[in-house]
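Here the structure comes first, spelled out in structure tokens, and everything after it is commentary.
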Amino acid sequence: MNDSLSTGTVPPEFKTAVVKPLLKKPSLDPNLLKIYRPISYLPFLLKSLEKIVLQQLLGNLETHNLLSAHQPAYRPGHGTETALLRIVNDILTALDQDKISVLLLLDLSAA
């Protein structure tokens, strides 16, 4: 693990995943291949390594103020609620200033 962090490489045995098909929705016909999605099961050591790298990367980005305040994802204490509050605040601010607001929502759940 330390070698991976110091050299920036991932051992080949960490890169092997077991891929299993999973039904998109249990109510769909399991005989149709197009309603399955592939799920990759990765080695737990790779997941541990990814978490360590993520912590180091986020720490570096926050230390050097490289993350936008408008980027709530992948940050502790931020999430969908933060993004939703920002959208509501932006719409209310625009209304107060007699500006027009447009909100486009996309449902990518079946993508």
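Quick note on numbering: the numbering used here labels position 5 of the sequence shown as 53, and the sequence is numbered without any gaps.
C-beta: ideal position from N, C-alpha, C; glycine also.
Is it true that the CB of residue j sits closer than 8 Å to the CB of residue i?
i      : j      : result
Ser54  : Leu97  : no
Lys73  : Tyr84  : no
Leu114 : Arg123 : no
His112 : Arg134 : no
Among the options, which one has its Cα closest to the Cα of residue i?
i      : options                          : result
Leu93  : Val58, Gly125 and Leu105         : Val58
Val101 : Leu143, Thr111, Gly56 and Ala131 : Gly56
Leu152 : Ile139, Gln104, Leu81 and Asp146 : Ile139
His126 : Leu156, Leu106, Ile148 and Leu80 : Leu106
Lys99  : Leu156, Gln145 and Met49         : Met49
Ser149 : Val136, Asp155, Pro120 and Leu81 : Val136
Using DSSP's beta-bridge definition, name the partner residues of residue i.
i      : result
Ser116 : DSSP, once it has assigned bridges, lists no residue as partnering Ser116.
Pro69  : Pro86
Taking 8 Å as the CB-CB limit, is residue i close to chain D?
i      : result
Gln119 : You won't find chain D in this structure, because it holds only one protein chain.
Three CB pairs or more closer than 8 Å across the segment 65 to 75 and the segment 84 to 92: yes
In chain order, each alpha helix (DSSP H) run of at least 4 residues that lies wholly inside the segment 78 to 137: 92 to 111
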